[in-house]
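Data block below; observations after.
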Amino acid sequence: IIAGSVSDDEAKKRYPQGWKAPKPYIRIVPQPQ
837 IIAGSVSDDE AKKRYPQGWK APKPYIRIVP QPQ
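Residue numbering for the sequence shown is 837 to 869, as defined by our numbering.
What follows is the structure in structure tokens.
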């Protein structure tokens with residue numbers, strides 16, 4: 837889960853593979869290997 841304090845631009849840099857956002861305030865990334 838990406839914290840709400842992280843902007844979308846910063847999240848795109850950290851998680852280039854993207855994320856799922858079932859709600860605007862919840863961003864879920866895949867579990868690391």
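Every residue gets a Cβ at the ideal spot worked out from N, C-alpha and C, and that includes glycine.
Keep in mind that this is a model prediction, so the values were computed, not measured.
Look at Ala-857 here: in three-state DSSP terms it is strand. For the pair Pro-858 and Ile-838, the Cα-to-Cα distance works out to about 13 Å. Using a 10 angstroms sphere on the CB of Arg-863, the tally of other CB atoms reaches 16 or more, which defines it as buried.
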